[in-house]
Structure formats: C-alpha cells, structure tokens
Amino acid sequence: MTVELTFGAPDETGRPCERVTDTEVAESPSHVVVGVEVDASCRRSWPWEEEMTNMVGRAHYVELKLTEPLGERTVVNTSNEPVTVSQER
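In my numbering, the protein residues as written are 1 to 89.
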C-alpha cells in the first residue's frame with residue numbers, strides 16, 4: 001500500500017523540511033491501522049511563515065507493506081479516523 005502525504009515547501013537551500021522517521025501497520029480481519037511519523041526540522045524565520053508554507057503542498061509517497069491484501073478492510077489512521085483509499089491508475 002502506498003500512502004500519500006502532503007509536505008510543505010523545502011527550506012531556502014532546497015532541503016526538505018519534513019522527513020518520515022517511522023511507519024507502522026497493524027492489521028485485523030476488518031481494519032488496517034496505518035501510522036506515519038514525520039519529523040519537521042526546518043525553522044521558520046517569521047511566525048506567519050508556517051501558515052503560508054502550509055498552503056503549498058508537495059506529494060510524498062510512503063510504501064507500507066501489508067501481510068494480506070487490503071480487500072474490503074477499512075483503513076484508519078492511529079487516531080481511528082478513516083483514511084481515503086483510491087485505486088492506482
């Protein structure tokens with residue numbers, strides 16, 4: 001399964017500000033719980049810069065391995081909120 005995350009703009013040197021530091025998948029017959037830990041390392045020069053940067057998103061893809069095919073199982077995040085699942089095109 002591939003999870004798509006939206007990361008903010010890189011820092012002034014072009015280095016990404018966010019990076020994935022850990023992933024976790026817990027499977028049951030009816031649910032798949034996915035967790036992705038992200039470290040945000042860039043410092044912002046101005047308090048309002050964070051808000052403006054979040055308006056610019058860049059897709060980042062994370063591969064998660066399932067032991068069984070997803071099938072009809074529901075995918076949720078670690079806060080038990082549903083995650084949108086779409087088929088690859």
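Every residue, glycine too, gets a C-beta built ideally from N, C-alpha and C.
task: Mind the definition here: the region 58 to 71 touches the region 6 to 13 only if three or more C-beta pairs lie below 8 Å; say whether that holds.
output: yes
- request: To the nearest angstrom, report how far apart Val32 and Pro82 are at their CA atoms.
  value: As a first step, residue 32 must be located in the sequence shown, where it is residue number 32. As a first step, residue 82 must be located in the sequence shown, where it is residue number 82. Rounded to the nearest angstrom, the two C-alpha atoms are 10 Å apart.
message: Do Leu64 and Thr13 count as a contact pair if the criterion is CB distance below 7 Å?
response: Within the sequence shown, numbered from 1, the residue matching residue 13 stands at position 13. Within the sequence shown, numbered from 1, the residue matching residue 64 stands at position 64. Against a cut-off of 7 Å, the Cβ pair of Leu64 and Thr13 comes out as no contact.
Span separating the alpha-carbon of Val75 from that of Val34: Position 75 of the sequence shown, counted from the first residue, corresponds to residue 75. Position 34 of the sequence shown, counted from the first residue, corresponds to residue 34. Looking at the two C-alpha atoms, the distance is approximately 7 Å.
message: For Val85, report the span of its beta strand (DSSP E) as first-last.
response: The sequence position of residue 85 within the sequence shown is 85, counting from 1. Counting along the chain, Val85 falls outside any beta strand (DSSP E), and DSSP gives it neither H nor E.
query: When the Cα atoms are used, what is the spatial distance from Leu66 to Ala26?
result: Against the sequence shown, residue 66 aligns to sequence position 66. Against the sequence shown, residue 26 aligns to sequence position 26. Their Cα atoms are separated by approximately 9 Å.
message: Taking 7 Å as the threshold (C-beta atoms), are Arg15 and Asp39 in contact?
response: As a working note, residue 39 is residue 39 in the sequence shown. As a working note, residue 15 is residue 15 in the sequence shown. Contact flag unset, no.
- request: Measure the alpha-carbon distance for Glu68 versus Thr78 and round it to whole angstroms.
  value: Position 68 of the sequence shown, counting from 1, holds the residue named residue 68. Position 78 of the sequence shown, counting from 1, holds the residue named residue 78. Their Cα atoms are separated by approximately 19 Å.
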